[in-house]
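The structure under discussion appears below in the form of structure tokens.
Residue numbers (the numbering used here), protein chains in the order written: chain A, 256 to 545; chain B, 3 to 116.
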């Protein structure tokens, strides 16, 4: 076993010293022929014949050198390297072809990525909440505005007699600072009843509720998405209670969302959730006109 | 068929022969090793002298022997090979194996034919 490792190491070393070791072996073969020639002369051969016999008994030098190199280094590595160099030369010679080939590949890969993303969102990982069949998304259709305003949402919620409850959410892009490394993060600002409407239970700590909201900027709480907690907080169990800065405003981490919950938007897994009543602090403009 | 069989046998046995030669003779260059093996085998083993170099690479890689450039008795530079302590251990083990197998085959071949 150790011999195997020793041989492998020796081969790797040699793979990076091909020219030098070729040279060394050529010298060694030359000295072999020289020694054999001297011996033959001592036995009474003519110098020319002595040399010829010496070479004959040694065998074909080119073949020996090739075999020696193959044993010494990593022949497959050398040939892969050769192939890569050759490919590079050919591609450089016909830039038009290269461009089209690269473009075609890029297009193909992009198409596949999109198809996979869609498949992942629709089929592999659909919205994972209790009773998804009773969940509906409300959009306005009578003008071009893509979103409801917050006051409209409040009216709809308060006068709703069709659904159990109505929650609201909006994209939120912030500078996320845990104390020493501010980074961009994408999350959602959600109405206080968001988690309760969806029936989500916290993975750690707690989630915020409608009762946490007492008017604009009254609920500086943040719930981390599971993936973000995993990736940026290394699954730190003591994260609950810590204060982080979102766009330079302090927010207290109250909990972590469960791993299977990836927000309510396709193709978007929020890094965090904050109460929508605190959105003013995160936005340059004030969307909460109420 | 004969070629394949021959080289298969050679690789293992040639390594063993080179190892034993260095063990018995002390530091030698490739030519010296090839010559010694030729003499000992009474011309039974008719191979190119160059084949010992493949054997030498394999043995150096396993660190059973080491190589160093030196000067020959008539003042020519030559690469000298010497057995290491690991090589001696390996040689002892392989010699034992060899003797055991040879013994078994010897006994087998002595069986009377019907």
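Using N, Cα and C, we set each Cβ at its ideal position, and we do this for glycine too.
Establish whether the CB of residue 53 of chain B and some CB of chain A are separated by less than 9 Å. It does: the Cβ of residue 53 of chain B has a partner Cβ on chain A nearer than 9 Å.
Indicate the three-state DSSP secondary structure (helix, strand or coil) for residue 473 of chain A in the structure shown. Note: residue 473 of chain A maps to coil in three-state DSSP.
Could you list the residues in the region 298-321 of chain A with a C-beta less than 7 Å from some C-beta on chain C, going in chain order? Protein chains in the displayed structure are A and B, and chain C is not among them.
Please confirm whether residue 508 of chain A and residue 476 of chain A have their CB atoms less than 9 Å apart. Yes, they are a contact pair.
If we call anything under 9 Å between Cβ atoms a contact, is residue 439 of chain A one with residue 450 of chain A? Annotated as distal: residue 439 of chain A and residue 450 of chain A, with beta-carbon spacing of 9 Å or more.
Can you tell me whether DSSP reads residue 18 of chain B as helix, strand or coil? Three-state DSSP puts residue 18 of chain B in a helix.
Could you tell me which uninterrupted alpha helix (DSSP H) segments, each at least 4 residues in length, are contained entirely in the region 44-76 of chain B, listed from first to last along the chain? Taking only runs of at least 4 residues, the alpha helix (DSSP H) segments lying wholly in the region 44-76 of chain B are 53-63.
Near residue 3 of chain B, what residues of its chain come up, given a Cβ to Cβ distance below 6 Å and the 5 sequence neighbours on each side ignored? Because the pLDDT of residue 3 of chain B is 35, which lies under 50, any placement of that residue in the model is unreliable, and the question is left without a value.
Tell me the DSSP secondary structure of residue 428 of chain A in three-state form. Reduced to three states, the DSSP call for residue 428 of chain A is strand.
Is the shortest distance between the beta-carbon of residue 90 of chain B and the beta-carbons of chain A less than 9 Å? Chain A contact via Cβ: absent.
DSSP three-state label for residue 79 of chain B, please. Judged by DSSP in its simplified three-state form, residue 79 of chain B adopts strand.
Short check: CB of residue 528 of chain A to CB of residue 462 of chain A, under 9 Å? Yes; because the gap between Cβ atoms is below 9 Å, this pair is in contact.
Against residue 56 of chain B, what residues of chain A qualify as contacts under a CB-to-CB distance less than 9 Å, listed in chain order? Identification of chain A residues near residue 56 of chain B by a Cβ-Cβ cut-off of 9 Å yields 319, 322, 323, 326, ordered along the chain.
With DSSP as the reference, label residue 461 of chain A as helix, strand or coil. Reduced to three states, the DSSP call for residue 461 of chain A is coil.
Report the rounded CA-to-CA distance for residue 28 of chain B versus residue 338 of chain A, giving the unit in angstroms. Approximately 44 Å, taken between the alpha carbons.
Take residue 346 of chain A and list the residues in its own chain whose beta-carbon comes closer than 6 Å to its own, dropping the five residues that flank it on each side. The answer, listed in chain order, is 353.
Determine which residues of the region 270-300 of chain A have a Cβ less than 7 Å from any Cβ of chain B, and write them out in chain order. Residues 283, 286, 287, 289, 290, 291, 293.
Can you have a look at residue 30 of chain B and say buried or exposed, based on whether 16 or more other CB atoms are within 10 angstroms of its CB? Only buried fits residue 30 of chain B, as 16 or more other CB atoms lie within 10 angstroms of its CB.
Report yes if the CB atom of residue 437 of chain A is closer than 9 Å to the CB atom of residue 511 of chain A, and no otherwise. Cβ atoms of residue 437 of chain A and residue 511 of chain A: not closer than 9 Å.
Please report the distance separating the alpha-carbon of residue 76 of chain B from that of residue 51 of chain B. Roughly 21 Å separates the two Cα atoms.
In this structure, how does DSSP classify residue 440 of chain A when only helix, strand and coil are distinguished? The answer is strand: DSSP assigns residue 440 of chain A an E or B state.
So if DSSP puts residue 500 of chain A in a beta bridge, which residue, or which two residues, is it bridged to? Residue 500 of chain A is bridged to A:432, A:505.
Can you name, in chain order, every residue of its own chain whose Cβ lies under 7 Å from the Cβ of residue 104 of chain B, other than the five neighbours on each side? Excluding residues within five positions, none has a Cβ falling inside 7 Å.
In the DSSP output, which residue or residues are listed as bridge partners for residue 527 of chain A? Its beta-bridge partners are A:479.
Have a look at residue 327 of chain A and residue 267 of chain A and give me their C-alpha separation to the nearest angstrom. Cα-Cα distance, rounded: 9 Å.
Closest to residue 53 of chain B by CA distance: which of B:24, B:25, B:20 is it? For residue 53 of chain B, the closest alpha carbon among the candidates B:24, B:25, B:20 is that of B:20.
Could you check the C-alpha separation between residue 90 of chain B and residue 25 of chain B for me, to the nearest Å? Distance between the alpha carbons of residue 90 of chain B and residue 25 of chain B is about 7 Å.
In or out: residue 490 of chain A buried (at least 16 other Cβ within 10 Å) or exposed? By the 10 Å Cβ count, residue 490 of chain A comes out exposed.
What in chain B is Cβ-close to residue 429 of chain A, meaning under 9 Å? Using a Cβ-Cβ cut-off of 9 Å, residue 429 of chain A is close to nothing in chain B; its nearest Cβ partner there is about 59 Å away.
For residue 552 of chain A, which of helix, strand or coil comes out of DSSP? Absent from the structure is residue 552 of chain A, since the part of chain A shown begins at 256 and ends at 545.
May I ask you to report which of helix, strand or coil DSSP gives residue 485 of chain A? Correct three-state label for residue 485 of chain A: helix.
Own chain partners of residue 69 of chain B with C-beta closer than 6 Å, once the 5 adjacent residues on each side are dropped: The residues 62, 81, 83, in chain order, have a CB closer than 6 Å to that of residue 69 of chain B in the same chain once the five nearest residues on each side in sequence are set aside.
What residues of chain B sit near residue 261 of chain A, judged by a beta carbon separation below 9 Å? Those are 63, 64, 65, listed as they occur along chain B.
Using a C-beta cutoff of 9 Å, does residue 258 of chain A count as contacting chain B? With respect to chain B, the C-beta atom of residue 258 of chain A has a partner C-beta closer than 9 Å.
So with CB distances below 8 Å, who are the chain A contacts of residue 20 of chain B? Residues of chain A with a Cβ closer than 8 Å to the Cβ of residue 20 of chain B do not exist; the shortest Cβ-Cβ separation is about 14 Å.
Taking the Cβ atom as the reference point for each residue, do residue 284 of chain A and residue 313 of chain A lie within a distance shorter than 9 Å? Taking a C-beta distance under 9 Å as the contact criterion, residue 284 of chain A and residue 313 of chain A qualify as a contact pair.
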